[in-house]
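To keep things clear, I will list the structure first and then write my remarks on it.
There are 2 protein chains.
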Amino acid sequence: MLILRYSPASPYARKIRIAADLLGLAEKIEIVAADAADPADSLRRQNPLGKIPTLILEDGSALYDSRVIAEYLDHLAGGGRMIPAVPSARFTALRLQALGDGINDAALLIRYESFSRPEGLRYDEAIALQQGKIDRALGALDAGPPAGDVDIGHIAVACALGYIDLRFAGAWRGKHQCLVAWLEKFARDIPAFEATKA
Amino acid sequence: MLILRYSPASPYARKIRIAADLLGLAEKIEIVAADAADPADSLRRQNPLGKIPTLILEDGSALYDSRVIAEYLDHLAGGGRMIPAVPSARFTALRLQALGDGINDAALLIRYESFSRPEGLRYDEAIALQQGKIDRALGALDAGPPAGDVDIGHIAVACALGYIDLRFAGAWRGKHQCLVAWLEKFARDIPAFEATKA
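In order, the protein sequence lines correspond to chains W and E.
Letter by letter, the first sequence follows residues 0 to 197 of numbering that gives the first Met the number 0.
Letter by letter, the second sequence follows residues 0 to 197 of numbering that gives the first Met the number 0.
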């Protein structure tokens, strides 16, 4: 049995949970909540970076971060399934994953800046810098939503959109109709998306 | 000709420059500085996230982020060279890369927090949280430095140590003698490390 340290709101952990479901591995993975903010949580001993998700293997060793876990699970399932083996498709999927993860990185920094620190210490320019990354990424994705079979890139983008829905109340939806339609289809096609909603 | 958008101080770009050198690809890659802080720099059109490094391919499309670029260059060089093909070695290397990149992620957040914002808006707890990640990662690496042939994990760790040397004046060295010795050997063995020093 593998153990996935996760939190319900983590978009990176959600990516892994959806990939595991699509790979038929969900029943081989026990999901165990971790509190990244708690120094006493075993997470920091399992992963020095103290980050979610972290996957504990059967020999007790740990794998991180989410990209490495995604590739490991794909490998366990035979390889080339959520991360295509053919180079052109592979690098398109990996770039798309980087874009989705990058939206999450920026959204998390905005969250830290606007929620996790005393109000008097907030810096509007830091928020604007990260918001610019999100806006440009959403613009690019709206102009060309993920296409073809579902892969780790599609999943990463869906989890990023789910995360900005969760944290910023869907403010992105008004200006990105194509991407909204794409996400609605993804949610219909991939039941694990709704099932992992925070 | 490929074009690598980089900055001299970026540890993620340094990782790619060293990997390219070891893969024999350096002469096929033109390095072109990018200013991630300048909205007018073409970087933000090449990569919506506006991040360094970004690799421009011969067809004009762009690849990002550094992990995707590293795998692409390894593929161009035949595959399985800086990112081992054998699963056990591959996931060890990818986890080590995630650890090195994670040190850089934390160090950059400390840099933003302590340097890139007005002094009155700094939040000591945010710095302490990131410093904890770095300290635990360095402790783990000092207890077990990268072993075996040089791979992308070794390069990522060396670039992370180089980055905290650059930004924090080598404060990590006193308590991590094994890791200091490892880095000195890496620097002797891999000339591209010194050649890419900021």
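Even glycine gets a Cβ: it sits at the ideal position worked out from N, Cα and C.
Asked: Buried or exposed, going by whether 16 or more other CB atoms sit within 10 Å of the CB of Ser87 of chain W?; Found: exposed
Asked: Quick one: measure Cβ to Cβ for Leu3 of chain W and Leu54 of chain W, integer angstroms, because I've assumed they're closer than 8 Å.; Found: 6 Å
Asked: In the DSSP assignment, find the alpha helix (DSSP H) that holds Ile189 of chain E and state where it starts and stops.; Found: Unbroken run through Ile189 of chain E: none, as it is neither H nor E.
Asked: Name the chain E residues that come within less than 7 Å of Phe90 of chain W, Cβ to Cβ?; Found: Leu62, Val67, Tyr71
Asked: At a Cβ threshold of 7 Å, is Ala170 of chain W touching chain E?; Found: no
Asked: Identify the continuous beta strand (DSSP E) that holds Ile102 of chain W and give its terminal residues.; Found: Element bounds for Ile102 of chain W: not the beta strand (DSSP E) but the alpha helix (DSSP H), 86-113.
Asked: According to DSSP, is Arg4 of chain E part of a helix, a strand, or is it coil?; Found: strand
Asked: Hey, could you find the ends of the beta strand (DSSP E) Glu118 of chain W is sitting in?; Found: Element bounds for Glu118 of chain W: n/a, residue is neither H nor E.
Asked: Tell me, please, whether the stretch 29-41 of chain E touches the stretch 46-60 of chain W by the rule of three or more beta-carbon pairs shorter than 8 Å.; Found: no
Asked: Alpha carbon to alpha carbon, how far is Tyr11 of chain E from Ser60 of chain E?; Found: 20 Å
Asked: Tell me which residue opens and which closes the beta strand (DSSP E) that Ile15 of chain E is part of.; Found: Careful: Ile15 of chain E lies outside any beta strand (DSSP E), inside the alpha helix (DSSP H) at 10-21.
Asked: From the beta carbon of Leu182 of chain W, is the nearest beta carbon of chain E less than 7 Å away?; Found: no
Asked: I want to know whether the stretch 88-99 of chain E touches the stretch 153-169 of chain E - three or more CB-CB distances under 8 Å.; Found: yes
Asked: Please classify Gln129 of chain W as buried or exposed, where buried requires at least 16 neighbouring CB atoms within 10 angstroms.; Found: buried
Asked: On the three-state DSSP scale, how would you describe Glu57 of chain W?; Found: coil
Asked: Once the 5 residues before and after Pro83 of chain W are set aside, which same chain residues still bring their CB inside 7 Å of it?; Found: Arg89, Ala92, Asp150
Asked: Per DSSP, what kind of secondary structure is Leu137 of chain E in: helix, strand or coil?; Found: helix
Asked: Hey, out of W:Ser115, W:Tyr122, W:Ala159, whose CA is closest to Asp134 of chain W's CA?; Found: W:Ala159
Asked: May I ask you to list, following chain order, the residues of the stretch 126-137 of chain W that have a beta carbon less than 8 Å from some beta carbon of chain E?; Found: Gly131, Lys132, Arg135, Ala136
Asked: In chain order, what residues of the same chain lie with their CB nearer than 6 Å to the CB of Ala105 of chain W, ignoring the 5 residues before and after it?; Found: Gln129, Lys132, Ile133
Asked: Please classify Pro145 of chain W: is it buried, with 16 or more other beta-carbons within 10 angstroms of its beta-carbon, or exposed?; Found: buried
Asked: Measuring CB to CB, does Trp171 of chain W end up less than 7 Å from Leu137 of chain W?; Found: yes
Asked: Under 7 Å between beta-carbons, which chain W residues line up against Pro86 of chain E? List them in chain order, please.; Found: His74
Asked: Can you give me the start and stop residues for the alpha helix (DSSP H) that Glu26 of chain W sits inside?; Found: From DSSP, Glu26 of chain W is part of no alpha helix (DSSP H); its letter is neither H nor E.
Asked: Flag Val156 of chain W as yes when its Cβ comes closer than 6 Å to any non-hydrogen atom of the ligand NAP, and as no otherwise.; Found: This structure simply doesn't include the ligand NAP, nor any ligand for that matter.
Asked: Is the CB of Ala139 of chain E under 7 Å away from at least one CB in chain W?; Found: yes
Asked: Please confirm if Leu49 of chain W has its CB atom under 7 Å from at least one CB of chain E.; Found: Position check: residue 49 of chain W holds Gly in this sequence, whereas Leu was assumed. So, interface residue.
Asked: Just mark Gln45 of chain E as buried or exposed, buried being the case when its beta carbon has 16 or more other beta carbons within 10 Å.; Found: buried
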